[in-house]
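What follows is a single structure, written as structure tokens, with notes after it.
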Amino acid sequence: TQSFSKSQAQSEGNFSLEQSSSRNQRTRTFLLNSCKMRISRWIQPAATALTIILSSFSFLGISTIAAGEEVIEPSKVSGGEVIELTDDTFEHLTQASTGQTTGKWFVKFYAPWCGHCKSLAPVWDKLADVVAAEHADTGIIIAKIDNTKHTEIRARFGITGFPTLKYFADRKMYTYKGKRDLESLTEFVTSGYTDAEPEEIPAPPAWFETKVKDVRKAVESYPVLVNLIRDFEHIIMMRKNAAIILCVLGAIFALLLVYCIHLLRVLRKIEKKQADTKNDEKKKK
26 TQSFSKSQAQ SEGNFSLEQS SSRNQRTRTF LLNSCKMRIS RWIQPAATAL
76 TIILSSFSFL GISTIAAGEE VIEPSKVSGG EVIELTDDTF EHLTQASTGQ
126 TTGKWFVKFY APWCGHCKSL APVWDKLADV VAAEHADTGI IIAKIDNTKH
176 TEIRARFGIT GFPTLKYFAD RKMYTYKGKR DLESLTEFVT SGYTDAEPEE
226 IPAPPAWFET KVKDVRKAVE SYPVLVNLIR DFEHIIMMRK NAAIILCVLG
276 AIFALLLVYC IHLLRVLRKI EKKQADTKND EKKKK
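Quick note on our numbering: the sequence shown kicks off at 26 and runs consecutively.
Below you can see the structure in the form of structure tokens.
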């Protein structure tokens, strides 16, 4: 009887230990899963945002040329055709504010709906042919830019009416205000522009402004991120000191994000190790 009682007590004790071990295991698993879920809830959106921003910067060497857009190198620009410029290619091709080493550019700022622009279109095409045939050695290039699509260039040069004709030559800018016939335009680009009043060329957007614009394009399908980028851009323009503080906080946030991702991986390893230990115990039983 005593032996049976001891055996029963020992069995009950073992059962109690197993129950306690099982409860501890369930508690640890629950805490791990809860912690993992809490971290994942805010890490995933943050990681997505960070990935988008970093990929758009391409290690601070981001290209501003739209995907699928054909890019003409300045050295390959030839006469006889009207070059179509965009917000992204304008400075790259004309080098308007960086020496104008690609030639003299006569640019038509136009809008497709403008009646005067439509009337000028065939004359503009003929001007490109005449320049290529009769003045090939002058380096004159005829171009145009649709300011209904490319509004950044419109804002940069203060275009308020269409068509506006500007000639970039001798590191200056000249606004054409004469007749819009072939003879007058040809005379202006070959020599007449020297009688016009030269203007200073507006500087292109700063490097940082360009990068912010590119990031804005990259996150345009994420309304929350678009608003954050817009607010950040406003801070940069209005409050420089606040922008510096914001950048420092952003760096701290990035470090915390990396740490949390590392912590999540560690928790997953612990969870896997515990699961393996549990399986080994079952096999032994």
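Where a beta carbon is used, it is the ideal one built from N, C-alpha and C, also for glycine.
I need the DSSP call for E222, collapsed to helix, strand or coil. coil
Residues of its chain near E224, where Cβ-Cβ distance is below 8 Å and the 5 sequence neighbours each way are ignored: K197, M198, Y199, T200
According to DSSP, F115 sits in a beta bridge with which residue or residues? F115 pairs with nothing; no bridge assigned.
Of the choices I167, A194, L110, whose alpha-carbon is the least far from that of I226? Residue A194 holds the alpha-carbon nearest to the alpha-carbon of I226 among I167, A194, L110.
For E109, three-class secondary structure by DSSP: strand
CA-CA distance, D206 and V148? 7 Å
In three-state terms, what does DSSP make of I90? Unreliable placement is indicated for I90, whose pLDDT of 45 sits below 50; no coordinate value is reported for it.
Using a Cβ-Cβ cut-off of 8 Å (strictly less than) and excluding sequence neighbours within five positions of F187, which residues of its own chain qualify? F134, Y135, A136, C139, H141, C142, N172
Under a three-way DSSP split, which group does A136 fall into? coil
Evaluate F182 with the Cβ neighbour count: other Cβ atoms within 10 Å of its Cβ, from every protein chain shown; 16 or more gives buried, anything less gives exposed. Its Cβ being crowded by 16 or more others within 10 Å, F182 is buried.
For I184, the first and last residue of its enclosing beta strand (DSSP E): I184 -> no beta strand (DSSP E), and no H or E assigned at all.
Any idea what DSSP makes of A327, helix, strand or coil? Residue 327 lies beyond the range of the chain shown here (26 to 310); nothing can be said about it.
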